[in-house]
Amino acid sequence: MPAGEPPDHALGRSRVGFSTKLSLVTDGRGLGLAVAVHAGQASDLRAVPELLDSVCVRGRRGAPRRYPDALAGDKAYSFAPLRAWCRRHRVTAVLPRRDDQRPVRGRRFDRRRYRQRHVIECTVGHLKEFRRIAQRADKLAVRYRAWVVLGMVRLLLRQPFLNGA
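Sequence positions in the sequence shown follow numbering that gives the first Met the number 0 and run 0 to 164.
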């Protein structure tokens, strides 16, 4: 088995058969910064902090920051350990509360920032345009992740102005 290959090959059982979950971190323009591949039924609790630890955010001056200003996700990412991680690292959690969670007094949900979440959804959609990524033809998770990274590079090369000049 290749180095870094999970024992389950990032294949998990779901109602429709085997599945693989793709977790992405992008910037505000939809350019991929980090990717993780894990089994479809696996919790996002372990994947998100690990993904965010692998990203450096370039600021205006000085050394790159370790963490972004905000983290947007859907209701599936709304769990207490992730919110605690965001508070510990001074990241604004733009996560809607699930129906079974109580709202916290004094904290309002930022709808304006949440609307920017469509960027990640569009990036996943663009990646799924590549048949090899959409169908996962590879047995090994490291090889599938390499194809996803290659797809992210291809999306990056489609951008007309990479450096903002």
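All C-beta atoms, glycine included, are put in the ideal place defined by N, C-alpha and C. The structure displayed is predicted, hence computed values, not measured ones.
Helix, strand or coil at Ala38 according to DSSP, with G and I counted as helix: strand
Give me the DSSP bridge partner(s) of Thr122. Thr122 is not bridged to any residue.
Let me make sure I understand the geometry here. Which of Pro5, Arg116 and Val36 has the alpha-carbon closest to that of Gly27? Checking every option, the nearest Cα to that of Gly27 belongs to Arg116.
Three-state class that DSSP yields for Ala79 in the structure shown: helix
In whole angstroms, what is the alpha-carbon distance linking Cys85 and Gly11? 28 angstroms
Outcome for Arg45 when other beta-carbon atoms lying within 10 angstroms are tallied against a minimum of 16: exposed
Within its chain, find whatever has a CB closer than 8 angstroms to the CB of Ser18; leave out the 5 residues flanking it on each side and keep chain order. Leu10, Gly11, Arg12, Ala38, Gly39 and Gln40
Hey, quick one: how far does the alpha helix (DSSP H) through Leu44 stretch, first residue to last? Asp43 to Asp52
Contact defined as beta carbons within less than 8 angstroms: I believe Ala220 pairs with Leu50. What is the distance between those atoms, to the nearest angstrom? Any answer about residue 220 is impossible in this case: the structure gives the chain only from 0 up to 164.
Which first and last residues belong to the beta strand (DSSP E) in which Ala169 is found? Here the chain comprises residues numbered 0 to 164, so residue 169 is not present and cannot be evaluated.
Should Arg57 be labelled buried (16 or more other beta-carbon atoms within 10 Å of its own) or exposed? exposed
Go ahead and label Leu155 buried or exposed: buried means 16 or more other beta carbons lie within 10 angstroms of its beta carbon, across all protein chains shown. exposed
Measure from the alpha carbon of Arg97 to the alpha carbon of each residue in Arg111, Arg110, Tyr76 and Val90, then state which is nearest. Tyr76
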